[in-house]
Amino acid sequence: SQNIFLSPDSIYSAFQLLYFASSGRTEQILRRFLHVPNGMAKSTMVGAYIMDRKYAQDQSINPQETHEIDSANRIYIQRGLDVRRCVNNIFSHEIASVDFLNRLKPTVKSINEWVEKVTKHMIKDFLPKGFLKANTRLVLVNA
Numbered sequence: 343s344q345n346i347f348l349s350p351d352s353i354y355s356a357f358q359l360l361y362f363a364s365s366g367r368t369e370q371i372l373r374r375f376l377h378v379p380n381g382m383a384k385s386t387m388v389g390a391y392i393m394d395r396k397y398a399q400d401q402s403i404n405p406q407e408t409h410e411i412d413s414a415n416r417i418y419i420q421r422g423l424d425v426r427r428c429v430n431n432i433f434s435h436e437i438a439s440v441d442f443l444n445r446l447k448p449t450v451k452s453i454n455e456w457v458e459k460v461t462k463h464m465i466k467d468f469l470p471k472g473f474l475k476a477n478t479r480l481v482l483v484n485a
């Protein structure tokens with residue numbers, strides 16, 4: 343009774359965000375997964391990502407359009423895990439430090455509220471009760 347819509351572009355942008363926050367082996371794996379050309383600097387991809395998100399945002403507020411397609415990404419990461427300061431500065435609205443270990447229920451509630459907000463109340467209770475555990479370290483959300 344419900345429709346499910348998957349956007350490859352939206353999923354790709356979510357994994358780009360994860361790539362920007364990654365390092366070491368995880369960064370190498372995501373680089374291959376995203377087909378990042380050898381020699382392309384991460385900063386070049388960051389610039390393209392920001393321009394793409396800005397373009398999408400501008401398109402979504404165009405009053406001439408009869409339809410609207412929005413996408414939002416956010417990484418919820420366990421407080422205390424290391425994220426480079428420059429990544430936190432550039433993506434301050436897309437990376438949230440949370441406490442899965444000690445505040446799991448409020449964190450799940452916060453994630454669900456964010457998804458509901460960015461989807462204009464179309465998606466409610468995105469994460470069902472019991473889906474995340476206290477040992478969760480990172481959640482990548484694309485809505």
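Mapping the sequence shown onto our numbering, position 123 (from 1) lands on 465, and the numbers just tick up by one. The beta carbon of each residue, even a glycine, is placed where N, CA and C say it ideally should be. Source: prediction; values computed, not measured.
Annotation: Ser365 to Arg427 spans about 13 Å, alpha carbon to alpha carbon. Taking 8 Å as the upper bound for CB-CB distance, Asn454 and Asp467 are in contact here, some 6 Å apart.
Under the DSSP assignment, Arg416 falls outside any alpha helix (DSSP H), being part of the beta strand (DSSP E) whose first and last residues are Asn415 to Gln420. The continuous beta strand (DSSP E) containing Ser439 extends over residues Ile437 to Val440. The stretch 429 to 448 makes contact with the stretch 471 to 482: 3 or more CB pairs, one atom from each, lie closer than 8 Å.
Take Leu372, set aside five residues on each side of it, and the residues of its chain with a beta-carbon closer than 7 Å to its own are Phe357, Leu360, Tyr361 and Ser364, in chain order. Selection Tyr418, Leu446, Leu423 and Thr449 evaluated against Ser434 yields Tyr418 as nearest (Cα-Cα).
A check of alpha carbon separations from Thr461 across Ala414, Asp394 and Lys396 identifies Ala414 as the nearest. Taking C-alpha positions only, Leu348 is separated from Asp412 by approximately 12 Å.
The secondary-structure analysis by DSSP pairs Val483 across a beta bridge with Arg416. The beta carbon of Val457 sits closer than 7 Å to those of Ile465, Phe468, Val483 and Ala485, all from its chain and outside the five residues before and after it, given in chain order. Assignment of Gln370 by DSSP, reduced to helix, strand and coil, places it in the helix class.
Per the C-alpha coordinates, the member of Val378, Tyr391, Met387 and Arg374 positioned closest to Ser352 is Tyr391. Taking a C-beta distance under 9 Å as the contact criterion, Val450 and Leu474 qualify as a contact pair.
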